[in-house]
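Chemist: Supplied in structure tokens, the structure appears directly below.
Next up, the structure:
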């Protein structure tokens, strides 16, 4: 299956969850906000929320700004 | 005491967290500024260079009121989306509504700002819009219920100081919500002048982060804002056209 993460296509052998995706990308989940198909996802459901074929994810973070 | 919505502050310096060259210097500058409010932006995470420093790593965010901005948004929809992301992440005590309407000057879009403020107020945010020195817009925004007005001193990052003191004064005089002068502050005298004009607070970033010594500049800004507040409260003398001697005119017969 394939999904788009921050505008880039990623390929996986099988369906995954948000938690496994973050793990695969080596992303610290304390720093990020996840938007899954346009919907903001609570950290408490990262382990249950399935990522399916053609899904779109945005991994967002807070950065310095004025 | 400065009050914005339900929030109360002793410090009248709000500090942006962008463009610091070093995390430790940033943390020291924040400390030296005495600020209680830090601003942030929301961005896509860079997945291919995770070694990029996290500018917020050394800051205990629980000690500060977090003030995310909507910088980067150019439409009402993008603005609301960024605000929702910030609230979802639990870092949104207030939201700075910043909608750039012109890429060259980075001046804000007044119509989109007004519309976005209306939506965010309906959603229950503490809303602080960034605006040009537009007295009428400030009045209209206050009428719909925004919690503070953030008129610019001069375009973002220019360090040109207060370009339009007259309009800024008009905004301060007709406003019954806090006025936070935001953007374009270059030196301590600019921050002091904003407070002398009657502003309630100053938000600055580049003036500190890009100073040769950001920690010293943070302290200088803090002191200049305190001086400006004192000066405003003390009530300055009127500006006169003609000279008036400070020493008595009497008792000069011995000359």
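Residue numbers (our numbering), protein chains in the order written: chain A, 31 to 96; chain B, 13 to 267. C-beta atoms are modelled at their ideal positions from N, C-alpha and C, and glycine is treated no differently. In this text, all values refer to a predicted model and were calculated from it rather than measured experimentally.
(1) Take residue 16 of chain B and list the residues in its own chain whose beta-carbon comes closer than 6 Å to its own, dropping the five residues that flank it on each side.
(2) Check whether the region 45-52 of chain A and the region 69-82 of chain B touch, using three or more Cβ-Cβ pairs below 8 Å as the test.
(3) Cβ of residue 159 of chain B less than 7 Å from any chain D Cβ?
(4) At 8 Å on the CB atoms, spell out the chain A contacts of residue 57 of chain B, in chain order.
(5) State the Cα-Cα distance for the pair residue 181 of chain B and residue 26 of chain B, rounded to the nearest angstrom.
(6) Can you find the residues in the same chain that come closer than 6 Å, C-beta to C-beta, to residue 35 of chain A, ignoring five residues on each side of it along the sequence?
(7) With a 10 Å radius around its C-beta and 16 neighbouring C-beta atoms as the bar for buried, classify residue 58 of chain B as buried or exposed.
(8) Where in the region 145-170 of chain B do unbroken runs of the alpha helix (DSSP H), each at least 4 residues long, occur, reported from the N-terminal end onward?
(9) When DSSP builds the beta bridges, which residues end up paired with residue 28 of chain B?
(10) With 8 Å as the limit, tell me which residues of the region 159-184 of chain B have their beta carbon closer than that to any beta carbon of chain A; keep them in chain order.
(11) Determine, using beta carbons only, whether residue 52 of chain B comes closer than 7 Å to chain A.
(12) Reducing DSSP to helix, strand and coil, say where residue 7 of chain B ends up.
(13) Going straight from the alpha carbon of residue 97 of chain B to that of residue 234 of chain B, what length do you get?
(14) Where do the N-terminal and C-terminal ends of the beta strand (DSSP E) with residue 240 of chain B fall, by residue?
(15) Which whole-angstrom value describes the C-beta separation of residue 86 of chain B and residue 123 of chain B, a residue pair presumed to lie in contact below a C-beta threshold of 8 Å?
(16) Let me know the secondary structure DSSP gives residue 34 of chain B once reduced to three states.
(17) Please tell me whether residue 97 of chain B has its Cβ less than 7 Å away from any Cβ of chain A.
(18) Answer yes or no: do residue 164 of chain B and residue 198 of chain B have a C-beta to C-beta separation smaller than 7 Å?
(19) Can a CB atom of chain A be found closer than 7 Å to the CB of residue 10 of chain B?
(20) Beta carbon of residue 147 of chain B, beta carbon of residue 129 of chain B: below 7 Å?
(21) What whole-angstrom Cβ distance do residue 19 of chain B and residue 162 of chain B have, given they're in contact under 8 Å?
(22) Go through its chain and collect everything with a Cβ distance to residue 44 of chain A's Cβ below 8 Å, but skip five positions before and after it.
(23) I want to verify the contact list: residues of chain B whose CB lies under 7 Å from the CB of residue 39 of chain A, in sequence order.
(24) Any Cβ of chain A within less than 7 Å of the Cβ of residue 217 of chain B?
(25) Answer yes if the region 166-185 of chain B comes into contact with the region 201-208 of chain B, meaning at least three C-beta pairs across the two stretches below 8 Å, and no otherwise.
(26) Below 8 Å on the Cβ atoms is my contact criterion, and I expect residue 35 of chain B with residue 70 of chain B to pass it. Report the Cβ-Cβ distance as a whole number of Å.
(27) So if DSSP puts residue 32 of chain A in a beta bridge, which residue, or which two residues, is it bridged to?
(28) At which residues does the beta strand (DSSP E) containing residue 108 of chain B begin and terminate?
(29) Please classify residue 213 of chain B as buried or exposed, where buried requires at least 16 neighbouring CB atoms within 10 angstroms.
Modeler: In this structure, then:
(1) The residues are 159, 160, 190.
(2) No: the two stretches stay apart, fewer than three of their Cβ pairs being nearer than 8 Å.
(3) No chain D is part of this structure, whose protein chains are labelled A and B.
(4) What residue 57 of chain B touches in chain A: 36, 57, 61, 62, 89, 90, 91.
(5) Across the structure, residue 181 of chain B and residue 26 of chain B are spaced so that their CA atoms are roughly 20 Å apart.
(6) Same-chain partners within the cutoff: 87.
(7) Result: exposed.
(8) As far as the region 145-170 of chain B is concerned, its whole alpha helix (DSSP H) runs of at least 4 residues are 147-156.
(9) In the DSSP output, where bridge partners are listed per residue, residue 28 of chain B has B:51.
(10) Answer set for the region 159-184 of chain B: 168.
(11) By this cut-off, residue 52 of chain B is an interface position.
(12) Chain B is shown only over 13 to 267; residue 7 of chain B falls outside these bounds and no answer can be derived.
(13) Their backbone Cα atoms lie some 31 Å apart in a straight line.
(14) Segment 226-246 is the alpha helix (DSSP H) holding residue 240 of chain B; no beta strand (DSSP E) there.
(15) Not confirmed; about 12 Å, so no contact.
(16) Three-state DSSP puts residue 34 of chain B in coil, outside helix and strand.
(17) Output row for residue 97 of chain B: interface = yes.
(18) No, the pair does not count as a contact, with Cβ atoms beyond the cut-off.
(19) The structure shown does not extend to residue 10 of chain B, since chain B spans only 13 to 267, so no value can be given for it.
(20) Against a cut-off of 7 Å, the Cβ pair of residue 129 of chain B and residue 147 of chain B comes out as no contact.
(21) Between residue 19 of chain B and residue 162 of chain B the beta-carbon gap is near 15 Å, outside 8 Å, which marks them as no contact.
(22) Closer than 8 Å at the Cβ level, and outside the excluded window around residue 44 of chain A, lie 31.
(23) By Cβ distance, chain B contributes nothing, its closest Cβ being about 12 Å from residue 39 of chain A, past 7 Å.
(24) Closer than 7 Å: yes.
(25) They touch, by the three-pair rule.
(26) Yes, they are in contact, since the Cβ atoms of residue 35 of chain B and residue 70 of chain B sit about 5 Å apart, within 8 Å.
(27) Paired residues: A:41.
(28) Note, residue 108 of chain B: beta strand (DSSP E), 107-109.
(29) Buried.
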